[in-house]
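Residue numbers (the working numbering), protein chains in the order written: chain H, 1 to 354; chain F, 1001 to 1354; chain L, 2001 to 2354; chain Z, 3001 to 3354; chain S, 4001 to 4354.
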Amino acid sequence: MARILKKRSVKSGLPPGSLVYVGDTSTRPATVTVMEFGGGVFREEEVTSPDGFLPSSDPSTVTWINVDQVHQVDVVAGIGERFGLHPLVVEDILNTDQRPKMEDFGDFVYIVLRALTCSGESFGLETEQISLILGRTYVISFQEKDGAVFEKVRDRIRAGKGRIGRSGADYLAYSLLDSVVDNYFIVLERIGERIEALEETLVSNPAPSTLRAIHGLKRDLIFLRRSVWPLREVLCGLQRGETALVSAPTQVYIRDVYDHTIHAIDTLETFRDMISGMLDIYLSSISNRLNEVMKVLTMIATIFIPLTFIAGVYGMNFLRMPELEWAWGYPAVLFVMAAVCVYMILYFKRKKWL
Amino acid sequence: MARILKKRSVKSGLPPGSLVYVGDTSTRPATVTVMEFGGGVFREEEVTSPDGFLPSSDPSTVTWINVDQVHQVDVVAGIGERFGLHPLVVEDILNTDQRPKMEDFGDFVYIVLRALTCSGESFGLETEQISLILGRTYVISFQEKDGAVFEKVRDRIRAGKGRIGRSGADYLAYSLLDSVVDNYFIVLERIGERIEALEETLVSNPAPSTLRAIHGLKRDLIFLRRSVWPLREVLCGLQRGETALVSAPTQVYIRDVYDHTIHAIDTLETFRDMISGMLDIYLSSISNRLNEVMKVLTMIATIFIPLTFIAGVYGMNFLRMPELEWAWGYPAVLFVMAAVCVYMILYFKRKKWL
Amino acid sequence: MARILKKRSVKSGLPPGSLVYVGDTSTRPATVTVMEFGGGVFREEEVTSPDGFLPSSDPSTVTWINVDQVHQVDVVAGIGERFGLHPLVVEDILNTDQRPKMEDFGDFVYIVLRALTCSGESFGLETEQISLILGRTYVISFQEKDGAVFEKVRDRIRAGKGRIGRSGADYLAYSLLDSVVDNYFIVLERIGERIEALEETLVSNPAPSTLRAIHGLKRDLIFLRRSVWPLREVLCGLQRGETALVSAPTQVYIRDVYDHTIHAIDTLETFRDMISGMLDIYLSSISNRLNEVMKVLTMIATIFIPLTFIAGVYGMNFLRMPELEWAWGYPAVLFVMAAVCVYMILYFKRKKWL
Amino acid sequence: MARILKKRSVKSGLPPGSLVYVGDTSTRPATVTVMEFGGGVFREEEVTSPDGFLPSSDPSTVTWINVDQVHQVDVVAGIGERFGLHPLVVEDILNTDQRPKMEDFGDFVYIVLRALTCSGESFGLETEQISLILGRTYVISFQEKDGAVFEKVRDRIRAGKGRIGRSGADYLAYSLLDSVVDNYFIVLERIGERIEALEETLVSNPAPSTLRAIHGLKRDLIFLRRSVWPLREVLCGLQRGETALVSAPTQVYIRDVYDHTIHAIDTLETFRDMISGMLDIYLSSISNRLNEVMKVLTMIATIFIPLTFIAGVYGMNFLRMPELEWAWGYPAVLFVMAAVCVYMILYFKRKKWL
Amino acid sequence: MARILKKRSVKSGLPPGSLVYVGDTSTRPATVTVMEFGGGVFREEEVTSPDGFLPSSDPSTVTWINVDQVHQVDVVAGIGERFGLHPLVVEDILNTDQRPKMEDFGDFVYIVLRALTCSGESFGLETEQISLILGRTYVISFQEKDGAVFEKVRDRIRAGKGRIGRSGADYLAYSLLDSVVDNYFIVLERIGERIEALEETLVSNPAPSTLRAIHGLKRDLIFLRRSVWPLREVLCGLQRGETALVSAPTQVYIRDVYDHTIHAIDTLETFRDMISGMLDIYLSSISNRLNEVMKVLTMIATIFIPLTFIAGVYGMNFLRMPELEWAWGYPAVLFVMAAVCVYMILYFKRKKWL
């Protein structure tokens, strides 16, 4: 359940802007990485003092500050103060249960979205909140955990290849959004594989565990939907140039991420449709199997009941039962029984009941 | 049913503006509390005479008048007269069965919303109507019952800390809205816990009472939805600056409450999705359990019916039944019976019916 | 079915504007009542000649003409001619199967809506078409039957109390609309009571008649929906000032009726949700009860079948069956039977099948 | 299936504007009727040469050209050429599988809609495509078959009564649309009667044929919906004055047809709701009836099984069974059997199982 | 599953604009065909060197470059470079898992859509991505496979007949779109035939394979929907003149394709409605058949159980059972048995259970 609704109630009644971390606690300290690049400059360091947090005054470089493990309230609050973030933004960064949204504060844009990962073999779908602050010459990203979701972007900056080294902060923000959305497809592919596996089980060997698996899938999709759907609106706003901080060339790239998000949503909805069909198939094949069993068993009973009756008749103790004294009485009765049995089997076969 | 539709019919045919209290009656008298604060001033008193109701003429202070137990028609009517409220507004305050809405009358804004509480262990979901009148320098709040929903706001004003002491009436109204919406999450968490508990019961021990519990949850959600959904529109209007009484800085805060409401709605819809899945699981596992029982019982019957038939055959009284006279006839028949029995059990096992 | 679709086909192929009454015929003659009031004047009379139909030329008074039993085509046609109504409007007044709608013809507004009543104990939901013509200084209302829906408005005018005596024709039209919508809540409360009663029956004693009652309720709701939903749009148009005949102060009142209509629609939809849940509960508890019966019966059979088999064995007529000659053979067999019986009952109990 | 999708594939790959008739072929030749009226003129003739097709140059008269049996490609193509119709319009007239739509080409408006008829006793729902070309002084109508749907309009023109003789081409087009929509109500009434009949059968005697009838109705409604829904948009466009060819007075009339169409759609949706409820009732009452049968049969079996067991006990051949030698043993056993039987019946009755 | 989601994950983490082919690999080389026509010119050749790719500088001719088998990355990249395509466009052409969309880059419009084919007798529904680049004087089309979908357009150009030879690049693009959409109807007709066949099977001989067939159909429709729905928006944009590259006369033609697409969507939705009805019929007739079998079998058992009981009574070994010694005892008992049997059959018949 924690996945659906975090313990937000701890904040009930507190004044707005109260900085309380809402989410799973962790003992690992927050890590703050600063990268400055562009205009021939390249700098990368892990900082500890808040003084290192300010972006370079050189307008040709881009500063990227990444904070892992946002549960350390003081670090987030310190950055918020330095960059003049609105108290509600700092509160939202710490409150790791946000719905994806974008808020434009003029000087900077605040974007919340959710990264998805599925860990290991047991397919544990996990989510973390990613908060992005996009300013004119800087990007600040806050990760709830310390996922490796941004690692490849970091590599590209280090390598200095591609557009990323030549473009502004908006392109960097785009790259981060893109790497988060790219991850959705990995999760969707895993879910696709699970659906495929389930469909085979459905045909070959449906069991109550299949039902639970269908239910689990359905739930994961509900959960995914909550994360992905609202992102559509966020990207739609960015792409349409609602904020002055995203330049026209980057808007083309944002449109591309937007398209990917639509594609992910589309796939999600298709999966939902497929799963609802699977439930019907499951229920129908379970009931079909049971019915087959019941039919055969009932038929066995039905065939033997008349035979038992005949045996019962000749087990009666009447003094005058002429058949009992006939020489061929016993074989005759056995023959009649066999005939009745054969007739019933043939009758059932003709009626296609067997 | 009272929860869904109050006895509005008592008002049928009365002229508009008729002041009739619609709701559960109570014997407790209405309580009117006046707070004045801001600009260095702080005053708090319980008033009884209507003269004390007018806001201070000092434009730098904010006056908050809170009325508990609106069932006392004369008190509400008196305030309405003093503050020049439209007769329909006074009527709506008394008619505690309103759908959340906002109405802008120029001088003041009338906001209706519903507070939710879940009392005690038996999880009784309760609702009360909160009416807010936001004027330039005053806020009047009407509570149907005397819930403690505003207690923490009162504490913050008394402590004089935070923005609330420095801001205007619109920020006070925001704080009241915020504390009502914060309460929704407590209710939603309680519902989340009930869903969790139910899901475990579903797997371990489904019973007709589980079905009733699912039904009860579904109903509570229908009920919640009616209270929360329309609030979205209300806050959307306030946040977009449809009224001149909400200043731009406060609009940012209203947007925050709006986001919380969207989050609550989102969670509600997710709960609904989850519950509809639970009904399927319940029906399927109930029918599964029954089918298992029936299958085993039918199989026992099916195994014994042929054996009984064999016994019946040798219970016939024919004079010439050679087997009866064989020395090993009886053991041979017992052996045949055992063989038939074992064969059938193996056959059923091979077919995976057992 | 008549309730869903009246015999409109009698008009098929006729030119537009053909005056044919479509609806249940009645032998009662039409009644035309004229009321003139305001500006110190009060006049009330039943007229028979069409000459009395014209509104007073005094602009400070309001004339209200009410026609019961619109099935008399000549009366309606006469009024239509005198007031210069469009032929299509007269046709629609007679065609008592209209969907609620508003049409603005500049000089007058034509409003159609449906009044609902539930008669007597058997809860027969009945509907009648109300047509309103709102002019500058007059209101003409046409009732399909002669319901008492406007009686209280008439009393208020006679008493000369409240706004109604001081306001214009638009306020009178509002009062008529309001009294129709107020009636919806009486019908909804009756339906609410039926739902409550059904829910208790569902738990205590579900029977096929319960299903029919659920079905009947569902149908009544479908029917209600058709009457109430389109009214929303009508009132929305009036409230937004789409017509010049409704003054700004009255618009506030119209907004109030609009809110009531939304509330009625909301309640309707909630009822629909509740009823669809009831069908699930019904089907589930019916099948549950049957399954309980079948389970117990099958268990009785299952317990006796092995015992009957044992009796069958010792009923065989083999010459050499040593047990038959034992002194304690019979009691021993009876004991074995009792043991088997007890074992099976305990086994079923442990498995929670009993 | 032909009803859902005509053999459009024969046109696959042909260039646009290819004139191929798509629809059921007929051997009857096309009939072209020309009517000219208005301004004191009245002329009616069946023409064969394309020369007669041009409208009179007198601007005060209206020319109506009606073509039955559009399967004759050359006739349609000839008219298209003479009146300067766009090749795609001519193609669409021949392709009798269009969705209702309106296209404005400046000089003329092209309207496609579908007429519905239900023939004879067996209720065969049939449809034909009606294409209307509305020019300034002429209307051309193309009927797929030679239905009598326009006969009454023709009669009205011949009689020279009503507005139709005094109005322009737009009013004629309106009259044609109106007569098509009027026919929908005849079809809907027939469907209403079928639903009524089915509902009685559902209660009195549900059978598999009832299910097929429900399914057939559902299908007819799907089919009707396809024909009626898009018409709404068409009429909405005409009524809002999107085209200059419809004068303001006629727009009022178009609004009337629009209202009728909304009414028809409303009724359709109500029927759909009712039918979906019927399926639930059907399934429930079928299963209820079967369950009743099974319950009674199972009870008979359950009552006799213990009795048979008692008989089996006293059929055992033990040497020492004291009861067998009692003088009243047999009657006593019979009495015990009767007692067991009575007890079980009473028990079942008390449990309300019988 | 591959049909729903291609292995997009291989691209995860790569910078945008990375040219990686996503789709089924093929060993066949890409084929590039160039056609130039219009203004008296006609040229057709297969080119291999990228130099031949540039459109003729003559503004009166249209150049059409068609690329089959886009899996050859270098060919696509070469064309992209020459025509100045945006890197994201080239990436999307290679990424053959796009949702249909249109993007306007000023100089050219990029359109993605999906062609459908159903191959052979086994009805394998297949899809391929078609990318179109529409420039001022050229069209470039990329086909994922080498389907014959454009063959007829090629023939029309070669024949030099019709508008296509006289019109510009926009008309060529229209023709390509039209031939793709025309193919949808072939697929829909095949699906219509399958539905027809299934419906007959449903009535005559429902089997579990029928259920799988229904499920397969449902899935194909989900799949089709994903391909066809978004195309609607694409064509809507083109038709409304959102891009300057489509001239007004061609917009009329685009509107025609748009209408066809709406028609295809309409048919799809109708098919979906029909299939959901079929599932109900299937489940109901399967359960009906089983119930018939169970009823007959249970009745046979019910008739014989009382008879067996009677036989059991007279099989008891009491010393004093007077009936056993009666001369006509045995025939009398046989008669009683026959009477019970007949009575039960008549009773069941009267109750309509048989």
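Note that beta-carbon positions come from the ideal geometry of N, C-alpha and C, so glycine has one too.
Listed along the chain, the chain H residues whose CB falls inside 7 Å of the CB of S:K4218 are G277.
Cβ-Cβ separation between S:S4056 and S:T4063: approximately 6 Å, consistent with a contact (criterion under 8 Å). Straight across, the Cα-Cα distance linking L:Q2239 with F:F1108 is about 20 Å. An exposed status is given to F:K1349, since fewer than 16 other beta-carbon atoms sit within 10 Å of its beta-carbon.
The beta-bridge partner set that DSSP reports for H:G38 consists of H:V41. Secondary structure within the segment 3065 to 3134 of chain Z: the alpha helix (DSSP H) runs of 4 or more consecutive residues, fully enclosed, are 3073 to 3082 and 3087 to 3094 (chain order).
Contacts with chain Z (Cβ-Cβ distance below 7 Å) from the segment 2220 to 2236 of chain L involve I2222 and R2226, listed in chain order. In this structure, the beta-carbon distance from F:I1254 to F:V1228 does not fall below 8 Å.
Under the 8 Å Cβ criterion, the segment 3307 to 3320 of chain Z counts as touching the segment 4300 to 4315 of chain S, having at least three qualifying pairs. In the structure shown, Z:T3298 falls within a helical segment according to DSSP collapsed to helix, strand and coil.
For Z:F3142, the enclosing beta strand (DSSP E) has its first and last residue at Y3138 to Q3143. Taking a contact as a CB-CB distance under 8 Å, the pair Z:L3221 and Z:L3172 does not count as one, their CB atoms being some 32 Å apart. No Cβ of chain F is located within less than 8 Å of the beta carbon of L:P2059. Contact between S:I4281 and Z:L3211 holds: their C-beta atoms lie close to 7 Å from each other, under 8 Å. Around the CB of L:A2248, fewer than 16 other CB atoms lie within 10 Å, so the residue is classed as exposed. A straight-line Cα-Cα distance of about 29 Å links F:G1017 and F:M1035. Close to chain H, meaning a Cβ-Cβ distance shorter than 8 Å, are the following residues of the segment 1309 to 1322 of chain F: F1309, G1312, V1313, G1315, M1316, N1317, F1318, L1319, R1320 and M1321.
Inclusion of L:L2297 and Z:T3302 in the CB contact set at 8 Å is warranted, their separation being smaller than that value. Burial is judged here by how many other beta carbons sit within 10 angstroms of a residue's own beta carbon; Z:S3209 has fewer than 16 and is exposed.
Under a criterion of Cβ atoms nearer than 8 Å, the residues of chain F adjacent to L:Y2253 are, in order, P1016 and L1088.
Look at S:P4306: its C-beta is under 8 Å from a C-beta on chain Z. For a Cβ distance threshold of 8 Å, nothing in chain S lies close to H:R350: the least Cβ distance comes to about 13 Å.
Under the Cβ criterion of 8 Å, H:S141 is not counted among the residues facing chain S. In the DSSP assignment, Z:V3252 forms no beta bridge with any residue.
The beta-carbon of S:M4294 is placed less than 8 Å from the nearest beta-carbon of chain H.
CA-to-CA, the gap between L:Y2110 and Z:A3197 works out to about 37 Å. For the options Z:R3272, Z:K3101, Z:I3130 and Z:L3125, the alpha carbon positioned closest to that of Z:E3144 is the one of Z:I3130. Using a CB distance below 9 Å, the part of the segment 1143 to 1170 of chain F facing chain H consists of E1151, K1152, V1153, D1155, R1156, K1161, G1162, R1163 and I1164, ordered along the chain. For F:A1332, the uninterrupted alpha helix (DSSP H) segment begins and ends at G1329 to R1350. Taking the Cα of S:W4328 as reference, the smallest distance to any Cα among H:E200, H:S276 and H:M321 is reached at H:M321. Residue burial annotation: L:V2181 is buried, with at least 16 other C-beta atoms found within 10 angstroms of its C-beta. Within its own chain, the residues whose Cβ lies closer than 7 Å to the Cβ of L:F2185, once the five positions on either side in sequence are excluded, are A2264, listed in chain order. In this model, S:V4070 and S:D4259 are separated by some 30 Å (Cα to Cα). Here DSSP, grouped into helix, strand and coil, assigns S:E4046 to strand.
Looking at L:T2250, L:D2097, L:L2014 and L:V2047, the one whose alpha-carbon comes closest to that of Z:D3178 is L:L2014.
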